[in-house]
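Line by line, the protein sequences give chains L and X. If you want my numbering, it's the position in the first sequence, counting the first as 1, plus 1046. If you want my numbering, it's the position in the second sequence, counting the first as 1, plus 213. The next block holds one structure in the form of structure tokens; read it before the comments.
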Amino acid sequence: MASWEHFSHGSDIGVRGFGNTVEEAFEEAALALTAIVADVSRVGQGETVEVHCDAPDLELLLVSWLNAIIYEMAVRTMLFSKFRVVISGCSLTGTLLGEEVDPERHRVAVEAKGATVTALRVVHNHDGQWVAECVVDV
Amino acid sequence: MNRKSLTRRSDFEWWIEPTGQMRVPGIIYAGEQLIEDMDEKVREQLTNVATLPGIRRAAYAMPDAHWGYGFPIGGVAAFDPDEGGVISAGGVGFDISCGVRTLHTGLTADQLEPRKVELADALFSRVPAGVGSTGAIRLSEEEMDEMLRGGANWAIVRGYGRPEDLERIEEGGCASGAKPECVSHQAKKRQAREMGTLGSGNHYLEIQRVAEVFDSATAAVFGLRLNDIVVSIHCGSRGLGHQVGTDYLKAMVIDGYRPIPDRELACASINSELGQHYVGAMRAATNCALANRQIITHLVRGAFSAVVPDAKLALLYDVSHNTCKIERHVINGESRELFVHRKGATRAFGPGHPDLPPSLREVGQPVLIGGTMGTESHVMVGTGESEDLAFSSACHGAGRSMSRTQASKKWQGRKLIDELYEKGVLIRTRSFRGVAEEAPGAYKDVNAVAEAAEHAKLARRIVRLVPLICVKG
């Protein structure tokens, strides 16, 4: 089942996405990323942004994906609350749906500086579920 | 941390003896309680750093060390380029040249008290802080490159500060050898609207009172007396530095030095093309941080001049605590040029160091230790002993004792702000959740950290500061 959670890191915060497919796990990890920055349930989906990234393996692709979102959040001063991911080999095309930041309405907490390779893991569990996780520096 | 894995060399010095692939020992400076509370990951990460090529003397952890990115936060490690030494993006950190600067207002607590609320509001309205905040300065591509070469000097030439500020900033306010051409277009774009912004998380702008003086003679050289009011600014290189960290971490994971025990230790040989590109980009990001703190200083001076025009606001000092600097140190009787990583650690030159300005050379470098809203900060001074102990380094702050996730569950921002108000601390923020995540109780005791640094002879306490106003991102 698709879902996300945060996990503890000494000074920062970890994101973990679960999904029936690797794409779904990446989408959920992205929701966990937005939830670091703001209350994801309060973020609208009026604008669409496309991103593309590549990496040598699936784990680094997760880091590249999250960093692509962090970049779009920063340069557009936007937050995103819906994600669609298509992965082909080690290339990813993502669609981000969101809106401009409104600090009060979105109940913002902290900026994300970058996704890291710390506690980085993309695995297909025995129960068939995908897990995608890493620590995000805030 | 499991003490059985350490050899205790003195009350405040603990060794991880070199085993396996370790080229040097790991050395942790801390008291018994701080060691017991320290994350096991610090031992693991210090052990890994000690395996990297070209490392000299030891991999060090300061009393506030905690789990970082490959290198522990609160970590110090020096590498010799002629011995195959490496440079690591994780060993510098994502917020390149994040640091603290402290200004002396020339006011006393009594003089500030009647204008405190007005000043808090003026600072909050003039200094952009928090998620989505943008600065008023827009730079063309050419101006951005000039800023990346010039640092605080660039800012002062454009009117954001005073020429005399420069001698109170490490390296005279400008990291030489910056290469804007090694900074990606994305990094520059990310910075486009962020010049002169504070950021969020543990960054802050505080008005503080000198609450205790430990060494009045050195305090006098720093211009500090009991009940004086100072301003401290904690922030870094903003989006540009974060993107440089992101870009080069990925490049080092893919094309960096091999073998490494864990890919979060991604690094590059200093003399490789990638290593040299990172050095040039990191120095550019350092200049971005120095320019940013300089612009914020200018905004702070503007707020004061509108509310308390008598304030002097001379710069006491500016330290960066996420850096890799080229420094000369004596190794086996020979002076060597080393690349000294300090991730969450402060350079702490002792008395007589030639790189200190004449006005500070006799006593040593001010070492600014940031606390968290509602708790103390410290001004310390570098010692002569610190050179041999840890390449002239000391701690940088309290360090977290509780994760953000736990903190936001345990505390409520609004309630915390009210409680701090009762204690005489005015908080200005747009984010209650951000305040909860930064709750004073989520950090280690900064006094214990400063005391441990003093007992370990890394730095000496000069004054203790308590906050009166805190602007949080």
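All residues carry an ideal CB built from backbone N, CA and C; glycine is no exception. In this text the structure is predicted, and so the values were computed from the model without any measurement.
Strand pairing of residue i, partner residues [DSSP]
i: E226 of chain X; result: X:S223 and X:Y242
Euclidean distance between Cα positions of residue i and residue j
i: T459 of chain X; j: N1113 of chain L; result: 8 Å
i: A665 of chain X; j: C608 of chain X; result: 9 Å
i: M1124 of chain L; j: R381 of chain X; result: 38 Å
i: V262 of chain X; j: P472 of chain X; result: 12 Å
i: R375 of chain X; j: D293 of chain X; result: 37 Å
i: A400 of chain X; j: E384 of chain X; result: 24 Å
i: L439 of chain X; j: V1095 of chain L; result: 55 Å
i: R476 of chain X; j: Q258 of chain X; result: 12 Å
i: A271 of chain X; j: H1098 of chain L; result: 42 Å
i: L1104 of chain L; j: S1134 of chain L; result: 10 Å
i: A1084 of chain L; j: V1154 of chain L; result: 4 Å
i: I508 of chain X; j: S518 of chain X; result: 15 Å
i: I544 of chain X; j: R269 of chain X; result: 8 Å
i: G364 of chain X; j: S310 of chain X; result: 11 Å
i: Y634 of chain X; j: P327 of chain X; result: 16 Å
i: P1149 of chain L; j: I240 of chain X; result: 43 Å
i: S1054 of chain L; j: A620 of chain X; result: 10 Å
i: R674 of chain X; j: L379 of chain X; result: 24 Å
i: R496 of chain X; j: G1174 of chain L; result: 46 Å
i: G563 of chain X; j: E550 of chain X; result: 19 Å
i: K657 of chain X; j: G281 of chain X; result: 16 Å
i: G319 of chain X; j: E331 of chain X; result: 18 Å
i: M615 of chain X; j: P680 of chain X; result: 21 Å
i: H490 of chain X; j: N484 of chain X; result: 10 Å
i: Q324 of chain X; j: H591 of chain X; result: 22 Å
i: V443 of chain X; j: Q234 of chain X; result: 47 Å
i: E650 of chain X; j: R641 of chain X; result: 15 Å
Residue i: contacting residues in chain X (beta-carbon distance under 8 Å)
i: I1059 of chain L; result: S616, R617 and T618
i: E1093 of chain L; result: Result: empty, since nearest Cβ-Cβ is about 15 Å, beyond 8 Å.
i: V1147 of chain L; result: V344 and G345
i: S1110 of chain L; result: K463
i: V1083 of chain L; result: V344
Span of the beta strand (DSSP E), counted from its first residue to its last, around residue i
i: R496 of chain X; result: No beta strand (DSSP E) holds R496 of chain X; the alpha helix (DSSP H) holding it covers E486 to V520.
i: V426 of chain X; result: Y417 to V426
i: V1064 of chain L; result: In the sequence as displayed, the identity of residue 1064 of chain L is Phe instead of Val. Per DSSP, F1064 of chain L belongs to the beta strand (DSSP E) from I1059 to G1065.
i: H317 of chain X; result: G312 to T321
i: N535 of chain X; result: N535 to I544
i: V1163 of chain L; result: Unbroken run through V1163 of chain L: none, as it is neither H nor E.
i: T1094 of chain L; result: E1093 to D1100
i: E547 of chain X; result: E547 to K556
Where residue i meets chain X, residues with beta-carbon distance less than 7 Å
i: N1066 of chain L; result: Simply none; closest approach about 26 Å.
i: A1155 of chain L; result: S644, R646, G647 and E650
i: N1113 of chain L; result: T459
7 Å Cβ cut-off: residues of chain L touching residue i
i: G458 of chain X; result: G1160
i: V299 of chain X; result: Ordered by position in chain L, no residue passes the 7 Å Cβ test against V299 of chain X, which lies about 16 Å from the chain.
i: G452 of chain X; result: A1120
i: G613 of chain X; result: The question names Gly, but residue 613 of chain X in the sequence shown is Arg. Here the neighbours are G1056 and S1057.
Where the alpha helix (DSSP H) containing residue i begins and where it ends
i: L379 of chain X; result: Per DSSP, L379 of chain X belongs to no alpha helix (DSSP H) and is neither H nor E.
i: T1080 of chain L; result: V1068 to V1083
i: V344 of chain X; result: Premise fails: V344 of chain X is in no alpha helix (DSSP H) and is neither H nor E.
i: V305 of chain X; result: A302 to V305
i: M1119 of chain L; result: L1104 to R1122
i: L573 of chain X; result: P571 to R574
i: G458 of chain X; result: R451 to D468
i: I369 of chain X; result: E354 to V370
i: L259 of chain X; result: E253 to V262
i: H398 of chain X; result: H398 to Q404
i: G631 of chain X; result: Per the sequence shown, the amino acid found at residue 631 of chain X is Asp instead of Gly. Counting along the chain, the alpha helix (DSSP H) containing D631 of chain X begins and ends at G626 to E635.
i: T618 of chain X; result: R617 to K623
Proximal residues of chain X, C-beta to C-beta of residue i below 9 Å
i: D1100 of chain L; result: Ordered by position in chain X, no residue passes the 9 Å Cβ test against D1100 of chain L, which lies about 11 Å from the chain.
i: V1163 of chain L; result: Y282, G283, G303, L462, K463, V466, D475, R476, E477 and A479
i: H1052 of chain L; result: S616, R617 and T618
i: L1079 of chain L; result: Under the 9 Å cutoff, chain X gives no residues; its nearest Cβ is about 13 Å from L1079 of chain L.
Under 8 Å by beta carbon: chain L residues contacting residue i
i: K286 of chain X; result: Reading off the sequence shown, one finds Ile at residue 286 of chain X, where the question assumed Lys. G1056 and S1057, listed in chain order.
i: K402 of chain X; result: V1121
i: H554 of chain X; result: By Cβ distance, chain L contributes nothing, its closest Cβ being about 16 Å from H554 of chain X, past 8 Å.
Contact test: residue i Cβ vs the ligand MN heavy atom, cutoff 7 Å
i: V237 of chain X; result: The ligand MN is not part of the structure shown, which contains no ligands of any sort.
Contact list for residue i against chain L, beta-carbon separation under 9 Å
i: F307 of chain X; result: K1159, G1160, T1162 and D1183
| At a Cβ cut of 7 Å, what residues of the region 1118-1141 of chain L count as close to chain X, listed as they run along the chain? | Residues of the region 1118-1141 of chain L with a C-beta less than 7 Å from any C-beta of chain X: A1120, V1121 and T1123, listed in chain order.
| task | Check distances from the C-beta atoms of the region 238-267 of chain X to those of chain L and list, in chain order, the residues that come in under 8 Å. | result | Contacts with chain L (Cβ-Cβ distance below 8 Å) from the region 238-267 of chain X involve D252 and K254, listed in chain order.
| request: Determine which residues of the region 631-656 of chain X have a Cβ less than 7 Å from any Cβ of chain L, and write them out in chain order. | output: Shown in chain order are the members of the region 631-656 of chain X whose Cβ falls below 7 Å from a Cβ of chain L: R643, S644, R646, G647 and E650.
| query | Got a sec: which bits of the region 341-364 of chain X sit with their beta carbon under 9 Å from any beta carbon on chain L, in order along the chain? | reply | Of all residues in the region 341-364 of chain X, the ones placed with a Cβ closer than 9 Å to any Cβ belonging to chain L are G343, V344, G345, S346 and T347, in chain order.
| task | Using a Cβ-Cβ cut-off of less than 7 Å, give me the residues of the region 397-423 of chain X that come near chain L, in sequence order. | result | Hits within the stretch, in order: Q399, K402, R403, G412, S413 and G414.
| Proximal residues, the region 222-234 of chain X versus chain L, C-beta separation under 7 Å | Those residues of the region 222-234 of chain X that come within reach of chain L (Cβ to Cβ, closer than 7 Å) do not exist; the list is empty.
| field | Near-chain L residues of the region 490-520 of chain X - C-beta to any C-beta below 9 Å | value | Those would be none; no residue qualifies.
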